[in-house]
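Which chain is which? The protein sequence lines are A and B, in order. Using our numbering, the first residue of the first sequence is number 7, and each one after it goes up by one. Using our numbering, the first residue of the second sequence is number 7, and each one after it goes up by one. Each residue gets a CB set at the ideal place from its N, CA and C atoms; glycine is no exception.
2 protein chains.
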Amino acid sequence: MPRARTRPTSRDVAREAGVSQAAVSLVLGDKWRGRVSEATAERVREAARTLGYRPNLAARNLRLGRTRTVLLVVPALTTEFFAGVYTGAARVASRHGFGVVLYPSPEGIGPARDPFASAQAALDGVIASSMAAEALSAIRGDQLPLVMLDSDPGADGVTVNLDIADGVRQVAEHLLGLGHRHFLHLGADVPSWTFEVRARELEARLRRVPGASLRTARSPISIKGAEAAAEAALTSRDRVTAVVCDDDQLAAGTYKAARRLGLRVPADLSVTGMDDLALATAIDPELTTVRLDAELFGERGMQALLAVLNGEQPSGTGIPVHLEVRGSTTRVP
Amino acid sequence: MPRARTRPTSRDVAREAGVSQAAVSLVLGDKWRGRVSEATAERVREAARTLGYRPNLAARNLRLGRTRTVLLVVPALTTEFFAGVYTGAARVASRHGFGVVLYPSPEGIGPARDPFASAQAALDGVIASSMAAEALSAIRGDQLPLVMLDSDPGADGVTVNLDIADGVRQVAEHLLGLGHRHFLHLGADVPSWTFEVRARELEARLRRVPGASLRTARSPISIKGAEAAAEAALTSRDRVTAVVCDDDQLAAGTYKAARRLGLRVPADLSVTGMDDLALATAIDPELTTVRLDAELFGERGMQALLAVLNGEQPSGTGIPVHLEVRGSTTRVP
DNA sequence: TCACCGACGTGTTACGTATAACTAGGTCCT
DNA sequence: AGGACCTAGTTATACGTAACACGTCGGTGA
């Protein structure tokens with residue numbers, strides 16, 4: 007009589023090894039020292055192996071009241087930046103026996119606007135990028151431990167941030183040192199603290215330079231969008247010698263606009279980006295940009311969340327960034 | 007006396023509404039018609055709302071013996087291609103109340119070489135890319151329902167494939183039509199069925215053209231790697247007028263190599279890619295490439311898995327692809 | 001009158017695991 | 001000899017949910 011084809015349970019392993027289910031749990035949970043003999047333990051392990059036993063995680067989660075699973079909320083995964091954040095977070099999680107499930111905010115996923123419904127998983131905590139605006143209110147409502155990425159440190163909750171302000175300062179110093187005085191800031195048209203910082207910091211720095219000018223344009227984060235926005239902004243008769251972009255994709259769009267307008271990069275126009283995506287070194291000339299270590303960002307976020315889950319105080323310093331000087335910037339014409 | 011701060015259970019809701027736990031389960035599970043009066047049902051819903059009740063998924067999964075969660079196994083998320091696959095799969099999943107957890111194979115994740123241990127989740131099924139080679143044996147060993155992406159249809163199991171062979175044929179026809187006869191194939195140095203197909207199909211097509219020649223080089227999938235490989239291959243004195251790349255990143259590297267060697271694209275050298283990443287339109291000239299619809303690929307993979315889970319026969323036709331002709335190819339010099 | 005029925009619920013159980021509490025036999029010290 | 005203590009386990013229970021099998025009560029047709 008063929009038994010129904012179902013995964014073996016710890017009780018099956020117990021029967022096979024001739025012990026109680028409790029003993030199986032002790033051995034496989036590595037809590038058997040001083041409670042079970044080495045010989046018996048080995049018999050249990052052997053039985054588990056021959057049966058191909060895998061513990062039922064749903065049962066374990068229910069019993070323990072925790073899941074060792076966290077949710078990572080990001081804006082749509084359209085560039086490798088958040089893929090890197092995920093990878094870093096997942097790496098640290100894996101080292102601590104945790105899993106990471108992803109929620110790329112709704113535009114990518116469809117009608118289920120509720121992150122908790124969409125990620126069909128029982129969760130211990132949440133890491134969320136401030137760029138995933140649509141999902142944030144739902145998350146805030148829940149009482150799960152929460153770590154925010156690139157969010158206003160003034161807000162409540164734990165925050166982990168890249169030192170974006172310093173990155174902007176490095177860009178400004180670099181361009182000012184090359185003699186540039188007339189700037190266009192091509193900003194990301196996304197409501198998020200991280201982009202506010204970029205704008206504020208650049209303006210603050212240039213305000214202290216006599217004779218400097220700063221104009222601003224905004225574009226959604228895409229090459230096509232940036233091309234249109236940059237073309238419109240550069241067509242005006244104001245004299246601009248440097249374009250500071252919030253993102254490498256915006257810079258790539260700026261390249262295309264410049265080409266259409268007959269402006270050479272960097273001879274006529276210096277351009278900078280931010281992120282250091284693969285894109286940055288694929289385009290010609292290679293892009294001067296601020297390197298953000300996405301994987302480290304994800305790692306720090308996960309570490310902070312693990313600290314919170316352990317009731318510790320997460321250590322919160324900004325993550326350093328640095329300017330990669332390449333061929334897209336040069337001395338002012 | 008403040009009760010311990012813990013999430014409310016269905017029993018708490020029951021107490022609040024003055025009914026039994028069973029009634030709560032019926033109402034919230036939408037199985038109450040003809041068993042509970044409308045008035046009572048509304049009282050239950052109201053109680054659940056005021057308490058902020060969320061069902062415990064671990065308990066539900068244990069009870070039901072299924073989790074509505076599937077694992078998506080991909081190679082490291084280094085380009086937006088697999089991010090797109092994930093997005094498509096997650097979209098379909100979400101529509102059916104499923105969640106998707108990701109396993110980017112080990113190089114990205116670290117020591118936990120076991121996909122099932124790393125994804126700390128109870129699973130109903132698996133979708134795996136044939137490019138995630140390291141993880142495949144572990145997956146095959148498990149008896150979970152499995153859908154393979156871009157894998158040899160001859161192998162057992164359900165397969166969902168892009169019609170890559172047709173894409174290669176379109177590239178070949180395009181270049182032959184422009185008069186090209188001397189080709190370099192820059193292949194991805196990754197052991198996967200999808201890349202074998204590309205090589206085989208190109209060779210098969212060119213073998214039927216009198217006087218045509220085909221050389222081959224291989225590179226890991228990265229711009230830097232491709233630059234080196236292409237530079238070496240193009241330096242030889244053989245006359246090559248067209249480079250067919252397995253991937254857009256390889257094509258971007260080829261652009262850089264050509265620039266170093268003083269070859270103009272497309273005047274001296276036509277180049278084609280595959281994938282149609284954002285990269286393809288960022289570089290100059292824009293890349294002629296085969297557009298692969300990553301999101302559709304993910305959707306089809308998920309649909310096939312859902313079919314398997316329902317005991318149906320998944321319908322398996324290749325997903326069409328098509329050539330985007332842009333500025334990187336022109337008539338042979 | 002009475003057997004029956006539908007409407008509206010409730011009591012109880014099982015899912016598979018981890019662990020607290022217990023037991024039985026042997027050893028050792030005093 | 002007798003308790004203290006160790007070894008090597010076992011028994012029993014709870015986690016929160018879904019759903020099966022019952023119960024009760026008023027009405028109704030014969």
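The beta-carbon of Val107 of chain B is placed less than 8 Å from the nearest beta-carbon of chain A. With its beta carbon at least 8 Å from every one in chain B, Gly279 of chain A lies outside the interface.
Under the DSSP assignment, Gly105 of chain A falls outside any alpha helix (DSSP H), being part of the beta strand (DSSP E) whose first and last residues are Gly105 to Pro110. Remark: fewer than three beta-carbon pairs, one from each stretch, lie closer than 8 Å, so the segment 322 to 336 of chain B and the segment 96 to 115 of chain B are not flagged as touching. Between the segment 187 to 198 of chain B and the segment 159 to 175 of chain B, the count of Cβ pairs shorter than 8 Å is below three; the stretches do not touch. For Asp290 of chain A, at least one C-beta of chain B is nearer than 8 Å to its own C-beta.
By the CB criterion at 8 Å, Arg175 of chain B and Glu207 of chain B fall inside the cutoff.
Under the three-state reduction of DSSP output, Thr323 of chain A falls in the coil class, being neither helix nor strand. Taking C-beta separations shorter than 8 Å and ignoring five residues to either side along the sequence, the partners of Thr46 of chain B in its chain run Ala23, Val25, Ala29 and Val33, following chain order. With its beta carbon at least 8 Å from every one in chain B, Gln319 of chain A lies outside the interface. Residues are counted here when their Cβ sits less than 8 Å from a Cβ of chain B; for the segment 69 to 86 of chain A these are Thr73, Arg74, Thr75, Ala82, Leu83, Thr84, Thr85 and Glu86, given in chain order. Distance from the CA of Gly173 of chain A to the CA of Ala210 of chain A, rounded to the nearest whole angstrom, comes to 14 Å.
In the structure shown, His328 of chain A adopts extended strand secondary structure according to DSSP, grouped into three states.
Closest in alpha carbon position to Pro226 of chain B, among B:Gly183, B:Leu152, B:Cys251 and B:Asp244, is B:Cys251. Within the segment 125 to 206 of chain B, the complete beta strand (DSSP E) segments of 3 residues or longer fall at 131 to 135, 152 to 155, 164 to 166 and 188 to 194, listed in chain order. Interface residue (Cβ-Cβ distance to chain B less than 8 Å): Arg60 of chain A is classified as such. The C-beta of Ser100 of chain B comes closer than 8 Å to at least one C-beta of chain A. In terms of Cβ geometry, Ala139 of chain A and Ser219 of chain A do not form a close pair [threshold 8 Å]. Leu311 of chain A carries a helical assignment under DSSP once its states are collapsed to helix, strand and coil. Three or more Cβ pairs drawn from the segment 85 to 100 of chain B and the segment 301 to 311 of chain B lie within less than 8 Å of each other, which places the two stretches in contact. Rounded to whole angstroms, the separation of the alpha carbons of Arg69 of chain B and Ser143 of chain B is 30 Å.
Here Glu48 of chain A is exposed: its Cβ has fewer than 16 other Cβ atoms, across all protein chains shown, within 10 Å.
Counting along the chain, no alpha helix (DSSP H) covers Asp281 of chain A; the unbroken beta strand (DSSP E) around it starts and ends at Ser276 to Asp281. Residue-level contact check: Ser124 of chain B touches chain A, since one or more beta carbons of chain A fall below 8 Å from its beta carbon. Cα atoms of Ala53 of chain A and Phe104 of chain B: separation of roughly 33 Å, rounded to the nearest angstrom.
When the five nearest sequence neighbours on each side are left out, the beta carbons in the same chain lying within less than 7 Å of the beta carbon of Arg266 of chain A are those of Glu237, in order along the chain.
No residue range can be given for Ala82 of chain B, since it is assigned to no beta strand (DSSP E) and is classified by DSSP as neither H nor E.
Contact between Asp254 of chain A and Asp282 of chain A holds, with the beta-carbon distance rounding to 7 Å and staying under 8 Å.
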